[in-house]
Amino acid sequence: MAGQTDHSISIFSAAEVEFIAEDEMIEIVPNIRMNALNLLCGDFGPFLPQIPCTVPLWLAVALKKRGKCSIRTPDWMSVEKLTQVLEAERESPREFQPLPFHYVEISRLLLDHAHDDIPEVYMVRSLIEDIRNVRFHKVESGLETISGRTHAVKLKNLSAMEVNLVRPFMARVLQAFYKHDSPEMVQQADTSASKRPQVVDRGPRRDLRPR
Amino acid sequence: MGRLLKLREAHKTDAPATCSVLWAHDGSHLATSCASDTEVLIHDLSAPPPGRSGSNAGSSPVVLRHHKEGVTAIALGPMAGPLASGSFDHSVKLYNFPVGSFQGNVTRFTLPIKSLAFNKSGSLLAAAGDDDGIKLISTIDLTISRVLKGHRGSVTGLSFDPKHDYLASIDSFGTVIYWELSTGKQLHTLKSIAPNYNSDSSVLNTLSWRPDGEMLAVPGLRNDVVMYDRDTGEKLFNLRGDHEKSVCSFCWSPNGKYLATSGLDKQVLIWDVDLKQDIERQKFEERICGLSWKPVGNSLAVIDVVGRFGIWDNPVPVSMKSPTEGVVLNEPHPLFEDEDEEVLGKGISCYSGSLDDSIEKGSGDFSPISRKRVKKRGPSFDEGEEVLQEIDSRKRRKESENKRGDGGIRERAVRMQDAFQVGFTPPQQGKRRFLCYNLLGCVTSLENDGFSHVEVDFHDTGRGPRVPSMTDYFGFTMAALNEKGCVLANPCKGEKNMSTLMYRPFGSWANNSEWSMRFELEEVKVVALGKNWVAAVTSHNFLRIFTESGLQMHILSVNGPVVAAAGSGDLLAVVNHASDCLSSGDQVLEIKVFNINEATQTISGRLPLTPCSHLTWLGFSEDGRLGSFDSKGNLRVYSDQFGGSWLPVFSADKARKSEDENYWIVGFNATKLFCIVCKSPESYPSVMPKPVLTILEFSSPLASSDLGADEVENEFMMTNLQLSEIRKKIKDMEAFGLDVTALDDEAFSLEVKLDRCILKLIASCCHSDRLVRATELARLLSTQKSLKGAITIVTASKLPILQEKFSTILEERMLDDLKTPEPIPTGRSNGKTAYSVQPPVRLSPMMEKSPDLNNRTPNTIKPQIKSSPATETLKLVKARSSTPENLAQGEDISKERELGSKLEKLATFVKGKGNATSEVTGKDVSSSATGNVKPELKIPINPFARVKKVT
């Protein structure tokens, strides 16, 4: 996603969002025999060779790095599912398709660490990239429609990374519109948030506001 | 004709696209289509002189513009029958031929159509493409008579068997399926025998029956055309020659003597099929994607990928037999639309047809026709030959059916099943296959020209030894694998290749510890492997046992032809036929289990199977229980109960989630089955990608009862079974004087589990008002705690009668315990002998209960309390706290909280009653009873446990 938003003002950095996503569960097929792991976040295993079990993504990646398991690609990451999603995304310009909340991060982690377990990995990679671009384009074009009368924006099925990118911008835009709409708010803002020069400079806007 | 053939443009295309060409049955018209063109063209060839039909530039073709997108397939019904076309626009349309008038839409698909075919009588049209399923459409009323599903990729080629028994289809993955038309079943699935064009849509796989229906031609993987048998689907021979790339299209000459093939190398070759040799060839500028023999005369129409077509005159040299010689032409007749009548009609029409044909074109082709006429003059001779051929083919079919073995049994189980190696998969051409797959690892083999590569892999890559792959010149077909080594064996193939048994140890201190045995005039049928021994059962019904180092230890005789064998530890199980099959189709199998180390026989008897099924798996679980799996998907486990019997513990029919799942069993343990789920039509896993095991829970084939708690009932059965197994083991081990503490713990936790299960059942009994059953269940409870839990349940469900009954049981239980206090201290001193001490006075084995004693005694025998381990008390607490929670799904948990206080009230009630009744036995009893009940109910940990459960 192109840097439409300054990353430094996002609430989370991309790495942090990825860290959160690592708690998602994923199925692995271990090739070792190991007793159950009793961790703070839960008990995982026991691990038996060739018998699938579900573990958090971080554990899956850690095991994968040591060559102790293969990761089973989630259903939604198959070429056919992604093709369907991409088509549906392109067809409906106003809606987002339901994908896992952390689809960007999960697919990134899997493509980085478990590319040999993903069938048709190049196709999957390009499809996911396309989906991301299409969705972000939608978000962008959606942002353009925000006007002074917008009080809230409903974005269903938006994923973590996408939210994270637009959240600061969106919140501030809405705030700004709100302030400009109500004169009392503007005065309050004057005193409290004088850092923002554009709010202070409200002479011409005053004239525009009453319609 | 060696010159380059001139091609004429018919369809305009920008990019190469699949085009097709078809001759009319009288050779007067030619229909062409192209995948990038919406038009179907009908070229009239009768106008110019018949000898020079290739250069009729003058006449303009009839144009059919009915499709919205490119036409991918055309098919022509018999003799002036309709022309059908299928297209990317998902529709199939019918036209009058050769006039070209539109008849109607036949069907619509949801995805593009890739292939079409008429049957010989023209009554059925098959259409298929990217959709899931081949549609069979009756051309009389345009209804869909059947949809055949089974291909995974898009179906690109269809061909009706000229005898109207089968339909053959091929998909873009190169898989061929034989369908039986009368039932719609898949007879044979030949996987990946043709090139895989799944990623390349410009080439379509095709296939074609020889006009006599005796063989099916399919493009092969080595730039050849492979012929498969009509009935068995076995490979007959291949035509391999000068094609430098894969064959993409071919067409049989009308008499089936010649085959025209075109390859991706832009060549067209004409083959003499009997000689298996190419007799003529021609190179083209572009790839030829459509070929069609002229039904009458010696001409071949070709069309290339850019939409240009041409007619190749005399592709078969004039000196050779004509490609139409001996053709039986089938004249269409409205009377003969029905299939059964059609066979009759064939005989009548054949002579008139051929006569017509020869008169019609007498001037055109001189030499072939004259010879043909001569032949045709002696119809009796021809007829005789045909009959002979027919007989011959029947005979062959019988033979091949006998050879078929496994597949044959599945259809009608009248034959004794062949021997099989546990965990093997049948060979597939050009693919790696399993010689053995078990829970430990697998042995795989890939056949190459003349020899194969055998690899051994362990699932647990961390622990299993790494085994170098080996080249195998024997052609091993069976293997067995354990931690220490693997044994491989091959059947004898002819006189030169003797049956060989080879053992490879994985870790040995000596260099050359691999050994092999050869068998003269004897054939190894199955092999098995155990702790320090190797077993092989041979065709002479010998069971040969070797030691790990290759010493021949024992040779035993087996009662009948062997079916399977499995080994684990010291135990070897051998299944053999006891007699021929029953007339109902049931296999009569016998099983024997030997202890090799002690040279004893532990089990001997018949092996039960589901009716009309055959054995597909045999093996031991990790804890040494024997199990068998049959083709109907039922797992049976051997148990000592009732003097040794087979208990059905799993049924695939019940467990199956969707219709198209096949379970390929790998192993089992005490409660679970390990298998590989194969999606139909496959019933075997493939080596790549690595198959993943699925765990399935056991389930008894219970009758559906009025309780509506099937799961709990199932759990009850299974836990009982497990418990009895463990008890047996404990007994065995105690007989040897071994330590059984761990098993005791296990048995105890099982008892707790069983109690929980029984409590749930009691709850559902209370729900459905089965009071007698509830009382019976209460008697089965093993601990007093659970009994008290049961009382709380019935109190909650307001059943005072039951409450009373249960209290009586509880009292009895307490009294019994008090009557036999003497042995307890001794039992306490070393907890493990508690079982031997227990008097077997209980109603059933389920009622034996040492943990109860453990739990009760702390009050009476203080000094020994330390010996009761903390874990055990914890377990008790858990069991206690979890019983109310698991009462029943429907019950309110918050209500259960109140029960705590109720329980206390109840306890006082019980206490009172206990006092009242036990006055006779003495004060000692009552005091101990109160001392017993009260502290338990007030156990301070209990509220904590409760809290833990809530969180």
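Just so you know, the sequences run in chain order A and B.
Heads up, the first sequence stops at 211 in this note's numbering, and the numbers go up one at a time, no gaps.
Heads up, the second sequence stops at 1951 in this note's numbering, and the numbers go up one at a time, no gaps.
For glycine and all other residues, C-beta sits at the position ideal for the given N, C-alpha and C.
No experiment lies behind these values; they were computed from the predicted model shown.
Mind checking if H1151 (chain B) is an interface residue toward chain A, Cβ cutoff 7 Å exclusive?
Cβ-Cβ to chain A under 7 Å: no for H1151 (chain B).
Tell me whether G1567 (chain B) sits in a helix, a strand or coil according to DSSP, three-state version.
Residue state, collapsed to three classes: strand.
Can you tell me whether Y103 (chain A) is helix, strand or coil according to DSSP?
Of the three classes helix, strand and coil, the one that applies to Y103 (chain A) here is helix, per DSSP.
Taking 7 Å as the threshold (beta carbon to beta carbon), is T1461 (chain B) in contact with chain A?
So yes, T1461 (chain B) belongs to the interface.
Reducing DSSP to helix, strand and coil, say where N1720 (chain B) ends up.
Note: N1720 (chain B) maps to helix in three-state DSSP.
Mind checking if L1635 (chain B) is an interface residue toward chain A, Cβ cutoff 7 Å exclusive?
Judged by the 7 Å Cβ criterion, L1635 (chain B) is not in contact with chain A.
Could you check what DSSP says for A1535 (chain B) in three-state terms: helix, strand or coil?
Strand at A1535 (chain B).
Between the C-alpha atoms of I1042 (chain B) and N1119 (chain B), what's the straight-line distance to the nearest angstrom?
Rounded to the nearest angstrom, the two C-alpha atoms are 21 Å apart.
With C-beta atoms as the reference, is I1077 (chain B) less than 7 Å away from G1122 (chain B)?
A small fix is needed here, since residue 1077 (chain B) is Gly in this sequence, not Ile. Against a cut-off of 7 Å, the Cβ pair of G1122 (chain B) and G1077 (chain B) comes out as a contact.
At a cut of 8 Å, does the segment 1193-1200 of chain B reach the segment 1209-1220 of chain B through at least three beta carbon pairs?
Yes, since at least three Cβ pairs between the segment 1193-1200 of chain B and the segment 1209-1220 of chain B fall closer than 8 Å, the two stretches touch.
Apart from the five residues just before and just after N1595 (chain B), which ones in its own chain have a Cβ nearer than 7 Å to its Cβ?
D1570, L1571, T1602, listed in sequence order.
Drop a sphere of 10 angstroms on the beta-carbon of D1784 (chain B), count the other beta-carbons inside from all chains shown, and report buried for 16 or more, exposed for fewer.
Residue identity check: residue 1784 (chain B) is Gln in the sequence provided, not Asp. Buried, by the Cβ-count rule.
For chain A, is any of its Cβ atoms less than 7 Å away from the one on V1692 (chain B)?
Taking Cβ atoms only, chain A reaches closer than 7 Å to V1692 (chain B), which makes this a yes.
Pull up the CB-CB distance for L1759 (chain B) and I1791 (chain B), whole angstroms please, since I reckon it's below 8 Å.
Wrong, their Cβ atoms sit about 11 Å apart, outside the cutoff.
Please state whether DSSP places T1820 (chain B) in a helix, a strand or coil.
DSSP places T1820 (chain B) in coil when its eight states are reduced to three.
Would you mind telling me which residues of chain A sit closer than 8 Å to I1665 (chain B), beta carbon to beta carbon, in chain order?
Per Cβ cutoff of 8 Å: no residues; I1665 (chain B) is ~14 Å from chain A at best.
So R1008 (chain B) and E1039 (chain B) are supposed to be a Cβ contact under 8 Å. How far apart are they, rounded?
15 Å between Cβ atoms; not a contact.
What are the residues that DSSP puts in a beta bridge with Q1186 (chain B)?
For Q1186 (chain B), which the question treats as bridged, DSSP gives the partners B:W1179.
If we ignore side chains and look at the alpha-carbon of each, how far apart do H1151 (chain B) and F1109 (chain B) end up?
Those two C-alpha atoms are separated by around 16 Å.
From P1681 (chain B) to L1787 (chain B), what distance separates their C-alpha atoms?
Their Cα atoms are separated by approximately 52 Å.
Output, in chain order, the set of chain A residues within a Cβ distance shorter than 7 Å of I1603 (chain B).
In chain order: nothing, as chain A lies at least about 28 Å away.
Taking the alpha-carbon of E95 (chain A) as reference, which of A:V163, A:R167, A:K154 has the nearest alpha-carbon?
Closest by alpha carbon: A:K154.
Using a Cβ cut-off of 7 Å, pull out every chain A residue sitting near I1695 (chain B), in sequence order please.
Simply I51.
Do M1470 (chain B) and V1454 (chain B) have their CB atoms nearer than 7 Å?
Contact flag set, yes.
Restricting to runs no shorter than 3 residues, where is the beta strand (DSSP E) found entirely within the segment 1569-1644 of chain B?
Those beta strand (DSSP E) runs which fall completely within the segment 1569-1644 of chain B and span 3+ residues are 1571-1577, 1589-1595, 1600-1607, 1615-1620, 1626-1630, 1634-1639.
Please list the terminal residues of the continuous alpha helix (DSSP H) segment that includes G142 (chain A).
121-144 is the extent of the alpha helix (DSSP H) around G142 (chain A).
Rounded to whole angstroms, what is the Cα-Cα separation between E1713 (chain B) and K1672 (chain B)?
In a straight line, the C-alpha of E1713 (chain B) is about 17 Å away from that of K1672 (chain B).
Does the Cβ of Q1552 (chain B) have 16 or more other Cβ atoms within 10 Å, making it buried, or fewer, making it exposed?
Looking at its Cβ environment, which holds fewer than 16 other Cβ atoms inside 10 Å, Q1552 (chain B) is exposed.
Is the separation between the beta-carbon of V1537 (chain B) and that of L1529 (chain B) shorter than 7 Å?
Against a cut-off of 7 Å, the Cβ pair of L1529 (chain B) and V1537 (chain B) comes out as no contact.
What does a CB cutoff of less than 8 Å around S1797 (chain B) pick up in its chain, not counting 5 residues either side in sequence?
Closer than 8 Å at the Cβ level, and outside the excluded window around S1797 (chain B), lie A1763, C1766, H1767.
What residues from chain B crowd round R33 (chain A), counting only those whose CB sits closer than 8 Å?
Correct list: D1460, G1462, R1463.
Taking its Cβ as the centre, do 16 or more other Cβ atoms sit within 10 Å of L1275 (chain B), making it buried, or is it exposed?
The residue is exposed, with fewer than 16 neighbouring Cβ atoms inside 10 Å.
With C-beta atoms as the reference, is V1225 (chain B) less than 7 Å away from L1239 (chain B)?
Cβ atoms of V1225 (chain B) and L1239 (chain B): closer than 7 Å.
Starting from P1078 (chain B), trace the alpha helix (DSSP H) in both directions and tell me its first and last residue.
No alpha helix (DSSP H) holds P1078 (chain B); DSSP gives it neither H nor E.
Can you tell me where the beta strand (DSSP E) holding K1679 (chain B) begins and where it ends?
Here the beta strand (DSSP E) through K1679 (chain B) covers 1672-1679.
Between which residues of its own chain and P49 (chain A) is the CB-CB distance below 8 Å, once the five residues before and five after are set aside?
For P49 (chain A), where only same-chain residues beyond five positions count, the Cβ hits under 8 Å are P30, N31, I32, R33.
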